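These notes concern the structure reproduced below.
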Amino acid sequence: MLSIRNLSKTFSSAGEPVHVLRGVDLDLRAGERVALTGESGSGKSTLLHLIAGLDAADGGTIRLEDTEVTRLSDAGRASLRRDRIGLVFQQFNLIPSLSVMDNLAFQARIAGRHDAAWTRELVERLGLDGLLKRYPEQLSGGQQQRVAIGRALATKPSLLLADEPTGNLDEATADDVLALTRDLVARTGCGFLMVTHSLHLAVTLDRHVTLHAGRIA
Amino acid sequence: MKRALWTLAVLLSHWRRHKMQFATLLIGLIAATALWSGVQAINQQARNAYDRAAATFGGVRTAMLVAPNAATFSQELFIKLRRAGWPVSPVLEGRVQVNGRSVRLLGIEPVTLPADVGNAPRLGASDLSSFVAPPGQTLVAQETLSDLQAQEGAAPAISSGAKLPPLRVLPQLVPDVLVVDIGVAQRLLNKPDQVSRLLIGKPKGTPAPLQGIVGDQLQRVEPDAETELERLTDSFHLNLTAFGLLSFFVGLFIVNSAVGLAFEQRLPMLRTLRACGASARLVNTVLVIELVVLALVAGLIGLVCGYFIAAALLPDVAASLRGLYGAQIPGQLTLRSEWWLAGIGISIAGALVAAATSLIKAIRMPVLATAQPRAWQQRHRRWLILQSLAACAVFAVALLLLHYGQSLIAGFGVLAALMFGAALILPAFLEIILLIGQRWAKGPLALWFWADSRQQLSGLSLALMALLLALAVNVGVSTMVETFSRTFIGWLNGRLAADVYISAADNAQGVAIRNWLRDRGDVQAVLSGGRAETQIEGQPVELLGLPDHALYRERWPLLETAPRAWTRLVPGNAAFISEQLSRHLHVRIGDVVEVPAPGGTWELDIVGIYADYGNPKGQLAVNVAALIRQFPQTPQTRIGLIVAKENIPGLIASLQKQFALDDRSIADQATVKAESIRIFNRTFAVTSALNAFTLGVAGIALLTSLLTLANSRLPQLAPLWAVGLTRPRLAAIELTKTLSVALFTSLLAVPLGLLVAWCLIAIVNVKAFGWRLPFHVFPLQLVELVAVALLASLIAALLPMVRLARMQPASLVKVFANER
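Line order of the protein sequences matches chains E and X.
Quick note, the first sequence lines up with residues 1 to 217 if you use full-length UniProt numbering.
Quick note, the second sequence lines up with residues 1 to 820 if you use full-length UniProt numbering.
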């Protein structure tokens, strides 16, 4: 479903080029759950951003199902994220001025794919029942991340990308959140690629790959 | 479409959670639109009135034939010209008194009146016969009908006892004018077979040359695109526009501040929207739509406020224009659809300009840009240097305009460049003061005070610029008005030499009054004056006849004189010239002015220049006997009396009883003086109101900046609270900081304001009115204005400070719990 070939990305830091990705190859099957680990600065988040079309690669290809992501325009990449990718961040990135319910539904709404029954199911599975009218600042970190996961899955994406989704949570909450995510991913049948520092969490997924010096080790 | 609506809903949700910021944005837009549109409404109203006046039966918008000496001429010439194929129509003009009020009487000949002359179409067909056939009609504007306290259909008598034809309201007619058939006018004005001018219609074919028909008896005057009144009042309207523009920009400062902060606060939201699949184009388009919708709503509210501002100011503006220029402006505000559209347009354009930097940032924002909350406050030092360099360039432009500019626009250009340059250099000026403070600071808290003030400066600089501009304008205008006021009162004492003033209805009544006064023991002297009109270099000039009396020699407000000036005036070949006319004609003492008179050219040696404030026309003062010799038709109706103070009321009562004079025809010096001062004060009432509005808007700009900054100040204040400073003490320190920068700004505004006053007195007034006032500084007034500015700053700072003093500790703890 996801096929990455010879992907490279270079940044400039203080005038010097920094080669973050040096020819990454990675495949992900439909419904497969993969953990991506590596030391800080190894390029994990960059790889995730390139797959999501948040940034453009310098070389190589990324193919999601029948679409070559690396050839898409900004509008094409926006459309891809809207319709086929769900994103979860470490900092939750909820919209502070929207209620939990509106945050949960808003990606599906702008994609024109709002499914009330599925949203209701997400609310129940994520345990957000009594929190729907609250605003993000009135939630704990674990609750906020559950809303972010619900928002990412509300469109029933083909691929869920999570960048350190438990980085701001304590161990018990992190376990709960990841368990919920695994269940929901299984329920939707989407692919799941998660960047994490935690080996403890990485081993709970189907496969575990490590990025080292810009390449898959 | 649905996607755009959802994105818009998400963006709008920000305002629901930041109501104060939303209010700030709307207040800025409303204030900007209201003040600008209010001023434009007043200008439009006045210009409409000028147009009406210009279009009235052959004003300056119509080509015409006149006598070279501006006197009346025989209607024989009209008949000759018609026979020769000239499409001319006669007009006779004069003044009559109706119910004690002097009005302009215009006699027209409706059959030959050219169709393109203003108001002529209303006199076609059915109206024509009732206008011409006895008893005829007197056309009058509704305003004039009310002023004359008459009813439509009434036939009031003029001072000679003759009756006007029945009054009929013609709505589009200019106020202060009565229009009758020319035959009626000739009878009422006692000018049988006389004509003032001939209006020229569109000729069919080429008529014979004018010279061949009437010789040199008539000359052609081409239509003027801009009326004399428009030229005279340009400076007044430019002044109003400058105030409107200043208020508009101060309002935009508020909008810029609100939009800038909102953009920074919404950066994470924009990034999330992009991450969730909203394209950059969609987000940017919706951002612009959101702004335009807000500007539309605020613009409409602003227009309604602008209407009320204009309606409130209009009576004073109308009084000013009447007092200064004799222009008649209806007191009822009528607005065209263009005004509404322009108001909405200016609101949207203003919002887009104020938000331009934020919108450009949004358009260029990469989706992965890290959030930089409060980055808008962190102006780089490079910007300060660039801004200071730009200020120097603007000051250089001001100097160039001062040196080379000749027009009124150049005068206002100097003012605008001065203020813009000062606003640009303000942040650097404050930065230097705060840096010096920081260097001299002893103790950690003092050091923090100065350092934090510097850091806060970038967030406050726009509001402080607004304060600087508003205060400088207030200082400048107040100094100018106070200078003018004192000079005016001194001048009035000189001009109003007599104790009682009489304006007789006509020459016969004038003679009767003089004869009656001769027998009165309580009258020490009877001073007869006179006034005639002529044209010099195409401009209307008044000739003022002065009696030869010691009182005038003592008091007349001469600015410069030749030796034995008053003695040289008596024979009639010398004159004093008003300051504005001397500037206009470039005439100095010792020069000769040639005055067209009915008997030929009258050569006058200039032996003095005098102040003649408030008179839109140029004036020459000559001996009254000489004036009557040269202009035999001069009405001898103006009489001044020297009377002991205690005898004035009795004498006035006797005169009123004897000659049926009303309050308009007779007045004592104190009444005339009081009326003049009242008109003077009303003239500047508009300026004072706009001054107060501008300072008020600057106060709001400061308040909104402080309110929007308040939340982002918490990370700076929470550590101090954590190390033991109480919340009230923190609030007091914050208040002191705000007042300090406001004080430094005010101190810079004072010299800037004095410079503005000097520009107004030495450049703008001279170019606009032709007179120059002596420059005075009023220290007490300056202290007062600085105190008002500090009070406005204190009021603006109080609300955020009270909030901080009463803030729950939990809010401060959050700073440490959350990285914000």
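Every residue, glycine too, gets a C-beta built ideally from N, C-alpha and C.
It should be emphasised that the depicted structure is a prediction, and the values quoted were computed from it without experimental measurement.
Identity of the residue in the options nearest residue i by Cα
| i | options | result |
| --- | --- | --- |
| residue 823 (chain X) | X:Val593, X:Gln406, X:Leu581, X:Arg101 | What the structure shows of chain X is the stretch from 1 to 820, and residue 823 (chain X) is not part of that stretch, so it cannot be assessed. |
| Gly76 (chain E) | E:Ala52, E:Arg29, E:Gly41, E:Leu161 | E:Ala52 |
| Ile213 (chain X) | X:Arg83, X:Val250, X:Trp36, X:Leu702 | X:Arg83 |
| Phe253 (chain X) | X:Leu747, X:Gln716, X:Ser705 | X:Ser705 |
| Leu585 (chain X) | X:Ala310, X:Ala762, X:Gly770 | X:Gly770 |
| Gln194 (chain X) | X:Leu581, X:Thr561, X:Ala71, X:Asn99 | X:Ala71 |
| Phe106 (chain E) | E:Leu131, E:Glu68, E:Glu121, E:Ala152 | E:Ala152 |
| Glu675 (chain X) | X:Ala319, X:Leu210, X:Ile158, X:Pro571 | X:Ala319 |
| Gln186 (chain X) | X:Arg588, X:Leu210, X:Arg220, X:Arg95 | X:Arg95 |
| Gly205 (chain X) | X:Asn507, X:Leu92, X:Gly85 | X:Gly85 |
| Trp758 (chain X) | X:Trp440, X:Val481, X:Leu544 | X:Val481 |
| Leu173 (chain X) | X:Ser461, X:Arg47, X:Leu139 | X:Leu139 |
| Leu651 (chain X) | X:Phe680, X:Val526, X:Leu707 | X:Val526 |
| Glu32 (chain E) | E:Glu16, E:Ser3, E:Leu205, E:Gly38 | E:Leu205 |
Own chain, CB closer than 7 Å to residue i, minus 5 neighbours either side, in chain order
| i | result |
| --- | --- |
| Gln142 (chain X) | Val169, Pro171 |
| residue 822 (chain X) | Shown here, chain X extends from 1 to 820; a query on residue 822 (chain X) therefore has no answer. |
| Leu773 (chain X) | Thr483, Phe484, Thr487, Ile761, Asn765 |
| Val394 (chain X) | Ala417, Phe420, Gly421, Leu424 |
| Ile580 (chain X) | Going by the sequence as given, residue 580 (chain X) is Gln instead of Ile. Excluding residues within five positions, the ones whose Cβ falls inside 7 Å are Asp612, Gly618, Phe769, Gly770, Trp771. |
Cβ-based burial, residue i [other Cβ within 10 Å; buried from 16]
| i | result |
| --- | --- |
| Trp383 (chain X) | exposed |
| Ser13 (chain E) | exposed |
| Asn190 (chain X) | exposed |
| Met1 (chain X) | exposed |
| His18 (chain X) | buried |
| Glu264 (chain X) | buried |
| His403 (chain X) | exposed |
| Ser73 (chain E) | exposed |
| Ala574 (chain X) | buried |
| Val477 (chain X) | buried |
8 Å Cβ cutoff met for residue i and residue j
| i | j | result |
| --- | --- | --- |
| Leu48 (chain E) | Val177 (chain E) | no |
| Arg629 (chain X) | Arg531 (chain X) | no |
| Ala298 (chain X) | Leu29 (chain X) | yes |
| Phe92 (chain E) | Ala154 (chain E) | no |
| Val39 (chain X) | Gly107 (chain X) | no |
| Ser746 (chain X) | Leu790 (chain X) | yes |
| Gly538 (chain X) | Ala565 (chain X) | no |
| Leu551 (chain X) | Tyr610 (chain X) | no |
| Ala644 (chain X) | Leu467 (chain X) | no |
| Val103 (chain X) | Leu178 (chain X) | yes |
| Val82 (chain E) | Ala56 (chain E) | At residue 82 (chain E) the sequence reads Arg, which differs from the Val that was named. Against a cut-off of 8 Å, the Cβ pair of Ala56 (chain E) and Arg82 (chain E) comes out as no contact. |
| Leu169 (chain E) | Gln145 (chain E) | yes |
Contact set for residue i: own chain, Cβ-Cβ below 6 Å, skip 5 residues either direction
| i | result |
| --- | --- |
| His14 (chain X) | Arg266 |
| Ala280 (chain X) | none |
| Phe89 (chain E) | Asp163 |
| Ala32 (chain X) | Phe248, Gly251, Leu252, Gly350 |
| Arg37 (chain X) | Strictly speaking, residue 37 (chain X) in this sequence is Ser, with Arg absent from that position. Only Leu303, Gly306, Gly343 meet the Cβ criterion. |
Cβ neighbours of residue i in the same chain (closer than 8 Å, five flanking residues each side left out)
| i | result |
| --- | --- |
| Asp183 (chain E) | Arg125 |
| Ala4 (chain X) | Leu282, Thr285, Val286, Ile289 |
Residue i - DSSP class collapsed to helix/strand/coil
| i | result |
| --- | --- |
| Thr196 (chain E) | coil |
| Gln145 (chain E) | helix |
| Gly490 (chain X) | helix |
| Arg82 (chain X) | helix |
| Leu167 (chain X) | strand |
| Tyr613 (chain X) | coil |
| Pro779 (chain X) | helix |
| Leu210 (chain X) | helix |
| Thr687 (chain X) | helix |
| Ile4 (chain E) | strand |
| Lys9 (chain E) | strand |
| Phe308 (chain X) | helix |
| Trp556 (chain X) | coil |
* May I ask you to list, following chain order, the residues of the region 111 to 139 of chain E that have a beta carbon less than 7 Å from some beta carbon of chain A? => Annotation note: the requested chain A is absent from the structure, which comprises protein chains E and X.
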